[in-house]
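Student: Here it is, the structure in full.
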Amino acid sequence: MRLSGKLGQEQIVFALAVLLCLVFSVTLPGFLTGNNILNLLRSVSILGILGIAMGIVVIGRGIDLSLVSLMAISVGWMLNMAGSGMPLPMALMLALGFSLLVGAINGWLVAYAEIPAIFATLAMGTLIYGFGRYFLIDLEVAYLQGSAEVLSWIGQGSLLGVPVPIYAFALICALGHLFLRYAVAGRYLRAVGDNLAAARITGLPARPVIVQQYVISALIGFCAGIVTAAAVSSMNTRLALSTYVYDVILVVVLGGIGLSGGRGGIRNVIVGTLLIGVLLNGMTILNIQYTLQSVIKGSLLLLAIVADSLLNPRDEQTAQQGDI
Amino acid sequence: MSPIVELREATKEYRGVAAVREMTFTLERGEVHALLGENGAGKSTLTKMIAGVVRPTRGALFINGAPVVLSSPSEALAQGIAMVYQETSLVPSLTVAQNIYLADSRRFHRLRGIYIAGQQFLQSLNFHVNPTALISELGAGQKQMVEIARAVHHQAQVIIFDEPTATLTPEEKHQFFALVARLKARGVSVVFISHALEEALAIADRITIMRDGEHVVTDHVSAFTRESIVRAMVGRSLSDALYAESGSKKARKAGEKVLSVQNLSMGSMVRNTSFSLFAGQITGVFGLIGSGRTEAAKVIAGVAKRDLFHGGQIRLGGRDVRYRVPRPAVRDGIIYVTEDRKAEGFFETMSIAENIHLGAMAGGQTRSQRVSMEEMRSIAAEWTEALKVRAINSDARVIELSGGNQQKVVIAKALVQKPRLVIFDEPTRGVDVGAIAEIHHIIEGLADAGIAVMVISSYLPEILQLSDRILVCRQGRIVEEFEGHRTDAETIMYAAVH
């Protein structure tokens, strides 16, 4: 008997997004045009890609606060190297290797040193920014130049009239979905997120699975960084210090991936991304200022969580129906 | 005079499913009333209605003959009704005395004051608990004492115990029964839920038996026997099958030595323990809680954290092993079936099929890096069938099953890994009577199939029923070994407590 359970947070958020769409298309001229819809999707595709990375970590009962920081520094470093004459494949490989290494260290800290993920990745984010700015990148903003210029198609080009970043988002969604649903490693990840102790006792390689989830997060973050750099022809390393990573968490939590792990999937990230996309786009057309947008985003998040907990109470009574 | 508590025609539904149906229950002043029934019979729900934790969907509650509506446990407490839970509701980071005086009407306490008052109060109850100790440092039995002390402190006229003796050692049980007698002498009414029928027969004045959310019978204790209770609980007679005379069966012959443990040590929990396990035999390990039996098993299976392992030798089929994590142990065929299935047994967001299939994947029974849905379904179908897991289908989530079926899923998840040695830690804790027999049957089947089986239990009838060989554990050591069918409960208990 889980009738009301069918209407989870994902459905609520999806309904909200549709509702907002309807309201905007009636009240805002120019909202429901092909161009604007593509524009809307393009503008949230990077947020969505990062959301997939964060979502995978959160499903594994972790969190990656170093995601944006690592993305900015590793891609910034790559642009720097490519700009100073290094062949692109070489620069790509080095930066990607750096990114994966940091992801593995994150995972090691969480899985083997048993530091809570929130502290380990918070510290790592700060460390990476400082390290990158001191040793790797001279200027605050690294520009897309030299051999890296060929990348700009990824951010600015379009295929069959659809901007390439949307394809990138779709591709990573598809890969993420296949991973979580059909790969043994993805199944393990969900099991570890659901119940680490049980996963251990069952004989799953629990700690390697945790390391793997941070490496995946770093990998997807790197892809998001490439799309970002290509779209605006640069990478601003100050992004590492911004609150952007909280927007990513917003997307994940709004979509209904519980921070307690094991629950949710890629669909949730897509739904969360769509709502944020519609909202941001509408508010931009309405010319609402940034600070007020924050108020609206924050309220929406609280609303979604409260609605979910009202519709799906998670108290002892309903949680242990076998025990009545 | 009207009864102190009366629940009339009460029904409680969770999402349209009745957990308790049209139940009438009366509690007289100063009586000890045992509430018996299988898991899922609705005992907890019934008592929660009385204690204000849940409100009846239909029906009425009367206290001292007056109708009341309780919307929270604190309102019930104000009416003199306290409930002592199975999982304790104490604050672990506070001291004993702070917990006792926690919900007091006075807002501020001097620590010294409550320590002195707490000391006197605990002594008056004959509880040997240090009032300045932190709750987190106490054992299960002592926590229970603090819970009870808190209820008594609140002048409760009705105290409801939800499986009070499940976690207690025999000595503590003894004290608990003495306390119940004293509470009764003070005119307090006691309701207690239990799975231990002997206890109910020994201390209750009246017994109520429930089945499937409905009232079966209420009568004076003298009207019942063990058999009649079991019959009423399950609606069929299975006590013969369940706890048959252990002498009537033949002990299995020991096969080859699968595992030998020499001088195993782990902190103060396991000291210099040595024993062996043989193929095709059930080795029962009896010991009181805290005797180091679970810890020893966890070291063997690699479940214990590696820094806790202090020394000794474990040999598996002639080869030295020392597992730091469970995975290599599982791959070598040593499987530990946990005593705490909710915390470390199953995956609650996943279906029955996914749970069992995860066991197969972890045990190396599947080769591909892709999850095959057909393979998952066939493995799940095979094992739910073999273990008689009762669920609508194997896509049901494990969390929604009854305790017995959850345990069967956990066992299926272990057996699918093709073990050589299975360690069952309290295999029937929180499992209903019907499922106990089935789980015992599964365990015996394993031994008959030539697998080495170790069963850890603090329930003597279970040990006597299952074991071919019995090891008794005390203070971290194996102190005695018995032939399973040439001993009796008293001998074993004597070895375990002295």
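Chain order of the listed sequences is A and B.
Take the first sequence: its position 256, counting from 1, is numbered 256 in my numbering, and each next residue is one higher.
Take the second sequence: its position 205, counting from 1, is numbered 205 in my numbering, and each next residue is one higher.
Note that CB positions come from ideal geometry on N, CA and C, so glycine has one too.
1) Provide the residue span of the beta strand (DSSP E) that contains A:His177, from first to last.
2) Taking only beta carbons into account, state which residues of the region 302-330 of chain B come closer than 8 angstroms to chain A, listed in chain order.
3) By a C-beta neighbour count over all protein chains shown, 10 Å radius and 16 as the cutoff for buried, is B:Glu137 buried or exposed?
4) Please report whether the beta-carbon of A:Tyr290 lies at a distance below 8 angstroms from any beta-carbon of chain B.
5) Mind checking who B:Arg370 pairs with in its DSSP beta bridge?
6) CB A:Ala95 to CB A:Leu151, shorter than 8 angstroms?
7) From the beta carbon of A:Tyr182, is the nearest beta carbon of chain B less than 8 angstroms away?
8) Considering Cα atoms alone, identify which of A:Gly221, A:Asn236 and A:Val306 is closest to A:Leu47.
9) To the nearest angstrom, how far is it from the Cα of B:Pro291 to the Cα of B:Ala297?
10) Along the region 357-384 of chain B, what residues have a CB closer than 7 angstroms to any CB found in chain A?
11) Of all the residues that make up the region 195-223 of chain A, which are near chain B by a beta-carbon distance shorter than 7 angstroms?
12) Given this structure, state the Cα-to-Cα distance separating A:Leu144 from A:Ser99, to the nearest angstrom.
13) Using a Cβ-Cβ cut-off of 8 angstroms, state whether B:Phe552 counts as contacting chain A.
14) Since I believe B:Ile209 is in contact with B:Val221 (beta carbons under 8 angstroms), could you give me their beta-carbon distance rounded to a whole number of angstroms?
15) Listing by chain order, which chain A residues have their CB less than 9 angstroms from the CB of B:Thr338?
16) With a CB to CB cut of under 7 angstroms and the five nearest residues on each side skipped, what residues in its chain are close to A:Arg207?
17) Closest Cβ-Cβ distance between A:Arg263 and chain B: below 8 angstroms?
18) Sort A:Gly30, A:Val13 and A:Phe14 by Cα distance to A:Asn281 and report the nearest one.
19) Using three-state DSSP, classify B:Leu27 as helix, strand or coil.
20) At the level of alpha carbons, what is the spacing between B:Leu264 and B:Val299?
21) In terms of residues, what are the limits of the beta strand (DSSP E) holding B:Gly59?
22) With a cut-off of 8 angstroms, does the C-beta of A:Arg61 fall near any C-beta of chain B?
23) Which of helix, strand or coil does DSSP assign to B:Phe108?
24) Please check if any C-beta of chain A sits within less than 8 angstroms of the C-beta of B:Gly187.
25) Please identify, using Cβ separations under 9 angstroms, the residues of the region 408-422 of chain B that lie next to chain A, in order along the chain.
26) Kindly indicate which residue of B:Ser93, B:Ala204, B:Ser89 and B:Arg112 has the alpha-carbon position closest to the one of B:Ala149.
27) Rounded to whole angstroms, what is the Cα-Cα separation between A:Ile49 and A:Arg267?
28) Output, in chain order, the set of chain A residues within a Cβ distance shorter than 7 angstroms of B:Ala343.
29) Along the chain, where does the alpha helix (DSSP H) that runs through B:Met49 open and close?
30) Give a yes or no on whether 8 angstroms exceeds the smallest Cβ distance from B:Thr349 to chain A.
31) Could you tell me the boundaries of the alpha helix (DSSP H) in which A:Tyr246 lies?
32) Alpha carbon to alpha carbon, how far is A:Cys223 from A:Gly97?
33) Does DSSP classify B:Pro419 as helix, strand or coil?
34) Which residue spans inside the region 121-184 of chain B form an unbroken beta strand (DSSP E) run of at least 3?
35) Suppose the cutoff is 8 angstroms on Cβ atoms and the five residues either side in sequence are ignored; what does the same chain contact list for B:Ile451 look like?
Tutor: Result, derived from the coordinates:
1) Boundaries around A:His177 are those of the alpha helix (DSSP H), Val164 to Tyr182, since no beta strand (DSSP E) includes it.
2) Cβ contacts with chain A: Val303, Val325, Pro326, Arg327, Ala329 and Val330.
3) With fewer than 16 Cβ atoms within 10 Å of its Cβ, B:Glu137 is classed as exposed.
4) For A:Tyr290, the answer is no, since every Cβ of chain B falls outside 8 angstroms of its Cβ.
5) For B:Arg370, which the question treats as bridged, DSSP gives the partners A:Ala183.
6) Against a cut-off of 8 angstroms, the Cβ pair of A:Leu151 and A:Ala95 comes out as no contact.
7) Yes, A:Tyr182 lies at the interface with chain B (some Cβ there is under 8 angstroms from its Cβ).
8) Answer by Cα proximity: A:Gly221.
9) Per the sequence shown, residue 291 of chain B should be read as Ser rather than Pro. Rounded to the nearest whole angstrom, the CA to CA distance from B:Ser291 to B:Ala297 is 12 angstroms.
10) For the region 357-384 of chain B, residues whose beta-carbon sits nearer than 7 angstroms to a beta-carbon of chain A comprise Leu358, Gly359, Met361, Ala362, Gly363, Gln369, Arg370 and Val371.
11) If the cut-off is 7 angstroms between Cβ atoms, the region 195-223 of chain A has Asn195, Ala197, Ala198, Arg200, Ile201, Thr202, Gly203, Leu204 and Pro205 near chain B.
12) Using only the alpha carbons, I get a separation of about 19 angstroms.
13) The structure shown does not extend to residue 552 of chain B, since chain B spans only 1 to 498, so no value can be given for it.
14) Incorrect: roughly 12 angstroms between the Cβ atoms, too far for contact.
15) By Cβ distance, chain A contributes Ala197, Ala198 and Ile201.
16) If we look at A:Arg207 and ignore the five residues flanking it on each side, its Cβ neighbours are Ala111 and Tyr112.
17) By the rule that beta-carbons nearer than 8 angstroms mark a contact, A:Arg263 touches chain B.
18) Nearest option by C-alpha distance: A:Gly30.
19) In this structure, B:Leu27 counts as strand in the three-state DSSP scheme.
20) If I take the Cα positions, the gap works out to 9 angstroms.
21) That run of the beta strand (DSSP E) goes Arg58 to Ile63.
22) So, not an interface residue.
23) Coil, per DSSP.
24) Not an interface residue.
25) Within the region 408-422 of chain B, the qualifying residues are Val410, Lys413, Ala414 and Gln417.
26) The option with the nearest alpha carbon to B:Ala149 is B:Ser89.
27) Taking the CA atoms as reference points, A:Ile49 sits about 12 angstroms from A:Arg267.
28) For a Cβ distance threshold of 7 angstroms, residue set Ala197 of chain A lies close to B:Ala343, ordered along the chain.
29) From DSSP, the alpha helix (DSSP H) with B:Met49 extends over Lys43 to Ile50.
30) With its beta carbon less than 8 angstroms from one in chain A, B:Thr349 belongs to the interface.
31) Per DSSP, A:Tyr246 belongs to the alpha helix (DSSP H) from Tyr244 to Gly255.
32) A:Cys223 and A:Gly97 have their C-alpha atoms spaced approximately 13 angstroms apart.
33) Coil, per DSSP.
34) Taking only runs of at least 3 residues, the beta strand (DSSP E) segments lying wholly in the region 121-184 of chain B are 158-162.
35) For B:Ile451, where only same-chain residues beyond five positions count, the Cβ hits under 8 angstroms are Ala279, Gly280, Pro419, Arg420, Leu421 and Val422.
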